[in-house]
Amino acid sequence: MLDKDYPFGHFLSPFDSDIMIPRAWYRDIICSLEMGGSLGARQPRGSPNFACIFGSQCQTSTLKINFVFLFAATTIKILILLLSLLLLLACNGFSVFYIYLPGYLKSSPEPIKLLPENLSGDKTVAKLVSSVMYALKEENPPGVLKTHLSLVKKPNFSMVPIGKASVFKPKQARLSRQILRTLGSGTKPKGFFSSKVKTFFRNSKCKSRFFMTWISPIESLSDRELLAIESVFKFHPKACLVIVSNSLDSKKGSVVLKPFSDMGFKLIAVHPDFDYIFKNTYAETWFNRLKKGNINPGEVSLGQNLSNLLRLALLYKYGGVYLDTDVLVLKSIKRLRNVISAQSINPETKNWSRLNNAVLIFDQNHPLLFKFIQEFALTFDGNRWGHNGPYLVSRVVERVTGRPGLNFTVLPPSAFYPVDWTRIRSLFQGPQNETHSNWLKLKLGQIRRQSYAIHLWNRQSKQVKVQEGSIIHHIISDCCIFCNSLKSKF
Numbered sequence: 361m362l363d364k365d366y367p368f369g370h371f372l373s374p375f376d377s378d379i380m381i382p383r384a385w386y387r388d389i390i391c392s393l394e395m396g397g398s399l400g401a402r403q404p405r406g407s408p409n410f411a412c413i414f415g416s417q418c419q420t421s422t423l424k425i426n427f428v429f430l431f432a433a434t435t436i437k438i439l440i441l442l443l444s445l446l447l448l449l450a451c452n453g454f455s456v457f458y459i460y461l462p463g464y465l466k467s468s469p470e471p472i473k474l475l476p477e478n479l480s481g482d483k484t485v486a487k488l489v490s491s492v493m494y495a496l497k498e499e500n501p502p503g504v505l506k507t508h509l510s511l512v513k514k515p516n517f518s519m520v521p522i523g524k525a526s527v528f529k530p531k532q533a534r535l536s537r538q539i540l541r542t543l544g545s546g547t548k549p550k551g552f553f554s555s556k557v558k559t560f561f562r563n564s565k566c567k568s569r570f571f572m573t574w575i576s577p578i579e580s581l582s583d584r585e586l587l588a589i590e591s592v593f594k595f596h597p598k599a600c601l602v603i604v605s606n607s608l609d610s611k612k613g614s615v616v617l618k619p620f621s622d623m624g625f626k627l628i629a630v631h632p633d634f635d636y637i638f639k640n641t642y643a644e645t646w647f648n649r650l651k652k653g654n655i656n657p658g659e660v661s662l663g664q665n666l667s668n669l670l671r672l673a674l675l676y677k678y679g680g681v682y683l684d685t686d687v688l689v690l691k692s693i694k695r696l697r698n699v700i701s702a703q704s705i706n707p708e709t710k711n712w713s714r715l716n717n718a719v720l721i722f723d724q725n726h727p728l729l730f731k732f733i734q735e736f737a738l739t740f741d742g743n744r745w746g747h748n749g750p751y752l753v754s755r756v757v758e759r760v761t762g763r764p765g766l767n768f769t770v771l772p773p774s775a776f777y778p779v780d781w782t783r784i785r786s787l788f789q790g791p792q793n794e795t796h797s798n799w800l801k802l803k804l805g806q807i808r809r810q811s812y813a814i815h816l817w818n819r820q821s822k823q824v825k826v827q828e829g830s831i832i833h834h835i836i837s838d839c840c841i842f843c844n845s846l847k848s849k850f
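Everything in the sequence shown is counted per the numbering used here, starting at 361 for the first residue and increasing by one.
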């Protein structure tokens, strides 16, 4: 319908959509349709068809124009609807694929004064502690002499978060299970480990407990590892040593360890029961996920990372001393309690820059060990060497500084790491000249006075031969038991 009161034609569609068009255009379009022409062929004013606008003959033309504008209006609405749907899909897709990466809050450490009770009155330790340090950051974490730790109440170990990066393909899951079988998990009767260790400790009446791990073939065990065992009993003849190892808990292993038993020393090799050792800790959930293929073991040796976790769980369950098999004990350490040692210090600040986990001495159920295990389970990375070992203990000690709880002590590098891994080869060299000979004597005297043990850093030194008159040559004489047979092989 055309409204005569408006300068524009007022067209009413069946959907009550008002479309305003100029009256002159409206007349021309209708007349053009009446003459059978196209909408684009405009007829001149004054033609006979002009009168049809107000006549009854224009009804047919009006119906045609109604259809044209109805079609156009409907098409526009459909396009608007499609655009709205596309925008909605785009926004929804952004919200689905957006990834939030949480950051770690970092608390600033507070230096804590050293208290002497953990040293049990040992004067040598008191001298060592005089050079101990305070705090830095992650890769070079802050040193702590003494720290306090909050106890965790009823932790929910099943709530270990599962990141997308930790879940991997079934092929890798099968590989993980194959590695675990190689390491020996699950090949002994249930309860074998707990029963054997419990009986050993009960019958041996141990003055102190030592633990080592050996997750490698027995053929890899060299005279250096055997010397490490000798050094334990040289200065702790009444101690008990548990070697957690699949390969040594065998007939061949019994032959290798028989000379120690024949001398009356108390030691056993026992097949690891990871399920029992990790039970009721964060390690339990982590290990279950590993077995199911939900943890990527990474490029770093799984055996090495399991050893990092195993030492923590063993001390948490039993308490005692853990030693790497390339650590030689140089004197009695029975007076040390709840200690860990720095590996290196910052030469400018004299603060420790890194701790190490090759030697750990802690009471049973110590809360710091709990924190170490928790950190392992929550931040495991199988592709970064040291992340689950030395860097782990460094991160945790930095983080817990100033928290209330049981005390522990960080000793200076001279306690267990008198020589850094970059210089360990120098200890295997004999005197080259008089100056070098004097340096060797001074260094040997310093190690004998200040160090409880020495880490040989086997990764760097296992291929290096011990030269006559070297520092290591003298240390072998200090800590060996089967000295005559050993010197010819070492």
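For glycine and all other residues, C-beta sits at the position ideal for the given N, C-alpha and C.
Item	Value
Is the number of C-beta pairs between the segment 628-641 and the segment 595-608 that are closer than 8 Å three or more?	yes
Measure the Cβ-Cβ separation of Gly790 and Gln820 and say whether it is below 7 Å.	no
If you reduce the DSSP assignment to three classes, tell me which class Val779 lands in.	coil
Assuming Arg785 is part of the beta strand (DSSP E), what are its boundary residues?	Segment: none, Arg785 is in no beta strand (DSSP E) and carries neither H nor E.
Report the three-state DSSP secondary structure of Gly680 (helix, strand or coil).	strand
What does DSSP give as the partner residues of Phe647 in its beta bridges?	According to DSSP, Phe647 bridges with nothing at all.
Starting from Phe570, follow the beta strand (DSSP E) in both directions and report where the run begins and ends.	Arg569 to Thr573
Should the segment 741-749 be regarded as contacting the segment 653-672, the criterion being three or more beta carbon pairs within less than 8 Å?	yes
Can you tell me which of the three DSSP states Cys600 falls into?	strand
By Cβ distance, which residues of its chain are closer than 8 Å to Pro778, with the 5 residues on each side in sequence left out?	Gln806, Ile807, Gln810, Ser811 and Ile814
Could you tell me which residues DSSP puts in a beta bridge with His815?	Val687
Around the C-beta of Met623, are 16 or more other C-beta atoms found within 10 angstroms, so that it is buried, or is it exposed?	exposed
Excluding sequence positions up to five away, which residues of its chain have a Cβ less than 6 Å from the Cβ of Phe647?	Phe634 and Phe638
Leaving out five residues on either side along the sequence, give the residues of the same chain with a beta carbon under 6 Å from the beta carbon of Cys600.	Ser564, Cys566, Arg569 and Lys626
Which of the three DSSP states, helix, strand or coil, is assigned to Trp886?	Outside the displayed range of the chain (361 to 850) lies residue 886, so it cannot be described from this structure.
Let me check one thing: in DSSP terms, what residues is Arg626 bridge-paired to?	The amino acid at residue 626 is misidentified as Arg; the sequence shows Lys. Answer by DSSP bridge pairing, in chain order: Cys600.
Less than 7 Å between the C-beta atoms of Ala643 and Leu669, yes or no?	yes
Please tell me whether Ile773 and Ala673 are closer than 7 Å, where the distance is taken between their beta carbons.	Sequence inspection shows Pro at residue 773; the Ile mentioned does not correspond to that position. Going by C-beta atoms, Pro773 is not nearer than 7 Å to Ala673.
On the premise that Val699 lies in contact with Gln771, defined as a C-beta separation below 8 Å, what is that separation, rounded to the nearest angstrom?	With the sequence shown as reference, residue 771 is identified as Leu, and Gln is not the correct amino acid for it. 6 Å between Cβ atoms; contact.
What would DSSP say about Val615, mapped onto helix, strand or coil?	helix
Which value, in whole angstroms, describes the spacing of the CA atoms of Asn717 and Ser797?	32 Å
Is the distance from the Cβ of Phe788 to the Cβ of Val824 below 7 Å?	yes
Secondary structure at Val770, three-state DSSP: helix, strand or coil?	strand
Between the Cα of Asp741 and those of Ser591, Leu650 and Arg763, spot the shortest distance and give me the residue it belongs to.	Leu650
Assuming the contact rule is C-beta atoms closer than 8 Å, Val615 and Leu581 should be a hit. Round their C-beta distance to whole Å, please.	Not confirmed; about 11 Å, so no contact.
Going by CA-CA distance only, name the one from Cys839, Pro727, Glu659 and Phe571 that's closest to Arg763.	Pro727
Can you give me the Cβ contacts of Trp817 inside the same chain, cut-off strictly under 6 Å, excluding the 5 residues immediately before and after it?	Trp781 and Ile784
Specify the secondary structure class of Ser713 as computed by DSSP and reduced to three states.	strand
Step through the CB atoms of chain D and report whether any lies within less than 7 Å of the CB of Gly742.	Structure shown: chain D not included; a single protein chain is present.
When DSSP builds the beta bridges, which residues end up paired with Phe736?	None; Phe736 has no bridge partner.
Measuring CA to CA, which of Lys618, Phe593 and Lys652 is closest to Lys691?	Phe593
Find out if the Cβ-Cβ distance for the pair Ile831, Leu800 is shorter than 7 Å.	yes
Would you mind giving the Cβ-Cβ distance between Val756 and Phe722, rounded to the nearest angstrom? I have them listed as a contact below 8 Å.	Wrong, their Cβ atoms sit about 13 Å apart, outside the cutoff.
Are the CB atoms of Gly743 and Glu794 nearer to each other than 7 Å?	It should be pointed out that residue 743 corresponds to Asn in this sequence rather than to Gly. Their beta carbons are not under 7 Å apart, which means Asn743 does not touch Glu794 by this criterion.
Determine the contact status of Leu696 and Val753, defining contact as a CB-CB distance below 7 Å.	no
What are the boundary residues of the beta strand (DSSP E) that Val757 is part of?	No beta strand (DSSP E) holds Val757; the alpha helix (DSSP H) holding it covers Pro750 to Arg759.
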